[in-house]
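All remarks here apply to the structure that follows.
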Amino acid sequence: MAETAGETLLEVNNIEVIYNHVILVLKGVSLKVARGGITALLGGNGAGKTTTLKAISNLLQSERGEVTKGTILYEGERVQHLDPAALVRRGVIQVMEGRHCFAHLTVEENLRTGAYTRRDGRTAIEADLEMVYGYFPRLKERRRSQAGYTSGGEQQMCAIGRALMSRPKTVLLDEPSMGLAPQLVEQIFEIVRAVNENEGVSFLLAEQNTNVALRYAHQGYILESGRVVMEGSAAALRENDDVKEFYLGMSEEGRRSFRDVRSYRRRKRWLS
Ligand SMILES: Nc1ncnc2c1ncn2[C@@H]1O[C@H](COP(=O)(O)OP(=O)(O)OP(=O)(O)O)[C@@H](O)[C@H]1O
Ligand SMILES: [Mg+2]
């Protein structure tokens with residue numbers, strides 16, 4: 001890993017996001033992504049994970065969303081004024097939820113579109129195409145297939161591979177496990193880990209699948225209703241009793257009573 005591993009690469013400070021001028025969705029979210037690490041952003045349906053990623057990559061505008069408070073720093077500089085393409089040139093790219101590939105293009109054409117912001121010439125791009133095929137041999141087999149006819153897992157691989165073609169330093173990966181069989185989810189996370197370790201790419205990974213995300217991430221944040229309710233190393237979160245019960249679906253005393261759940265809620269309010 002690079003010498004600079006561990007320093008803060010991306011810092012979100014107390015951001016508030018409002019949709020349509022009235023719907024307050026993020027209520028002061030702060031988080032840090034370490035250079036060279038995998039950071040998980042966890043939480044259930046509607047917690048605000050996608051909104052946080054879109055706030056970082058400046059994709060909220062098209063959704064009538066707006067960051068109304070707080071700051072976002074990438075490598076120490078404010079990036080809120082940059083458009084998504086400028087951010088890609090700085091090395092930050094988002095892989096959208098629901099694996100958006102161009103359905104009518106082949107897998108390889110999709111991968112090549114990922115290199116559109118690059119100015120370093122054909123040879124480098126060809127080398128990276130081979131790098132992507134090295135991580136995703138399945139994509140090499142399917143490279144001439146129309147992306148729209150490939151499986152869900154292949155499309156997720158294609159979306160990640162396309163992001164890698166921009167030579168990113170940081171990938172914001174939204175819900176890579178969505179709709180995939182457990183074995184495929186594991187495969188995709190193995191590849192994320194390999195890219196992180198071999199290429200030094202940092203990841204901020206939004207996931208509902210707490211179990212798998214905490215096995216691959218180094219750090220984690222748990223969002224609920226637009227607020228961070230817990231944060232820590234992935235190892236500490238995996239051992240935390242509330243995380244075990246509410247996100248990993250296991251508990252030492254078996255099922256807790258509703259009253260305990262209520263007192264947990266009170267505790268959470270106090271935390272936030
Ligand atoms: N364009 C939008 N306009 C208005 N409200 C929105 C918009 N997009 C998201 N929301 C609301 O913001 C909240 C957070 O949504 P978000 O998509 O960020 O959650 P999430 O954690 O990614 O959830 P999921 O795990 O289901 O993908 C939800 O209540 C959602 O209904
Ligand atoms: Mg989402």
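Following the UniProt record's numbering, the numbering of the sequence shown begins with 1 at its first residue and continues without gaps.
Glycine included, C-beta positions come from ideal geometry on N, C-alpha and C.
Considering F246, what are the terminal residues of the alpha helix (DSSP H) in which it resides?
That run of the alpha helix (DSSP H) goes 241–246.
Taking the beta carbon of D174 as the centre, do at least 16 other beta carbons fall within 10 Å, making it buried, or is it exposed?
With 16 or more Cβ atoms within 10 Å of its Cβ, D174 is classed as buried.
Less than 9 Å between the beta carbons of P168 and G91, yes or no?
Yes.
When we look at the beta-carbon of K54 and count the other beta-carbons within 10 Å, is it buried (16 or more) or exposed?
It is buried - the Cβ of K54 has at least 16 other Cβ atoms within 10 Å.
Residues around ligand 2, please: the condition is that the C-beta lies closer than 7 Å to some non-hydrogen atom of it.
That gives K49, T50, E97, D174, E175, A206.
Relative to the C-alpha of S202, which residue among I38, N14, G179 is closest?
The option with the nearest alpha carbon to S202 is I38.
Which residues in the same chain as L87 place their Cβ atom closer than 8 Å to its Cβ, once the five residues preceding and following it in sequence are excluded?
Result list for L87: S57, N58, Y74, V79, I93, in chain order.
Using DSSP's beta-bridge definition, name the partner residues of V228.
According to DSSP, which records beta bridges pairwise, V228 is partnered with L223.
In chain order, what residues of the same chain lie with their CB nearer than 6 Å to the CB of E7, ignoring the 5 residues before and after it?
Around E7: R35.
State yes or no: is the C-beta of L24 within less than 9 Å of the C-beta of G226?
In this structure, G226 lies closer than 9 Å to L24 by Cβ.
Assuming Q208 and G98 form a contact by the criterion Cβ under 8 Å, report the distance between their Cβ atoms to the nearest whole angstrom.
In fact, because the Cβ distance is near 13 Å, the residues do not count as touching under 8 Å.
Which of the three DSSP states, helix, strand or coil, is assigned to E97?
Correct three-state label for E97: coil.
Closer than 6 Å by C-beta to V17: which residues in its own chain qualify, once you throw out the five before and the five after it? Chain order, please.
The residues are V25, L26, T51, A55, G65, V67.
I need the straight-line Cα distance from R266 to V229, nearest angstrom please.
Annotation note: pLDDT 47 at R266 (below 50); position unreliable, coordinate value reported separately. Taking the straight line joining both Cα atoms gives about 12 Å.
Looking only at DSSP bridge pairs, what is G74 linked to?
According to the sequence provided, residue 74 is Tyr. The question's Gly does not apply to it. Answer is L10, E77.
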